[in-house]
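Visitor: Residue numbering for the sequence shown follows our numbering, beginning at 1 and increasing consecutively.
Just so it is clear, CB atoms sit at the ideal spot from N, CA and C, and this is done for glycine as well.
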Amino acid sequence: MNTVTRRVVLTFPANLVEDTAIYHLIKDYDLVVNILRAKIIPKEIGRIVLELRGKIDNIKKGVSYLESKGIEVKPLAQDIYLNEDKCVSCGMCLAVCHQKALSLNKNTWKIEFNRDDCILCEQCVSVCPLKVIQVTF
1 MNTVTRRVVL
11 TFPANLVEDT
21 AIYHLIKDYD
31 LVVNILRAKI
41 IPKEIGRIVL
51 ELRGKIDNIK
61 KGVSYLESKG
71 IEVKPLAQDI
81 YLNEDKCVSC
91 GMCLAVCHQK
101 ALSLNKNTWK
111 IEFNRDDCIL
121 CEQCVSVCPL
131 KVIQVTF
């Protein structure tokens, strides 16, 4: 079976932020876990952006394990929004997107967004003069 990669956002209830769930993804489900971004404060709701790599069945089982503990799991793409209708393709976001999730289509001269490459750093949000990029992380 082939190895796949999935990027997800985990939302931990306040009572679970000190839980060992990430450890169990590695040990029990044989997943490679790369933490791309995290906001964890004891006794508060926590959020982590993870890249999970492993067999698809193991990723599904690991996600089911997290959900059974009360941890919300969403695909990363659901936390990002680019309003393409209002974007004027000024290119300000391109200068700060080190992941190259944003690029300029040289045929249409429009900004294109590749959600799979985004790590929710929010640099593009802060430089967009029209505020057409939103992140709900």
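#1: For the putative contact between GLY147 and PRO13, defined by C-beta atoms under 8 Å, what is the C-beta separation to the nearest angstrom?
#2: Report the residue ranges of all beta strand (DSSP E) runs contained in full by the region 64-122; include only those spanning at least 3 residues, in chain order.
#3: Determine, using beta-carbon pairs with one atom in the region 93-111 and one in the region 52-66, whether at least three such pairs fall under 8 Å.
#4: According to DSSP, simplified to helix, strand and coil, what is ARG2?
#5: Of all the CB atoms in chain D, is at least one closer than 8 Å to the CB of ASP19?
#6: If I'm right that LEU36 touches GLY62 with Cβ under 8 Å, what's the distance once you round it to whole angstroms?
#7: Span of the alpha helix (DSSP H) holding LEU25?
Guide: Result, derived from the coordinates:
#1: The requested residue 147 is not part of the displayed model; the chain covers only 1 to 137.
#2: 72-75, 80-82, 102-105, 110-113
#3: no
#4: Rather than Arg, the amino acid found at residue 2 in this sequence is Asn. Note: ASN2 maps to coil in three-state DSSP.
#5: Judged by its chain identifiers, the structure shown contains no chain D, having just a single protein chain.
#6: Actually they do not touch by this definition, with Cβ atoms about 16 Å apart.
#7: 21-27
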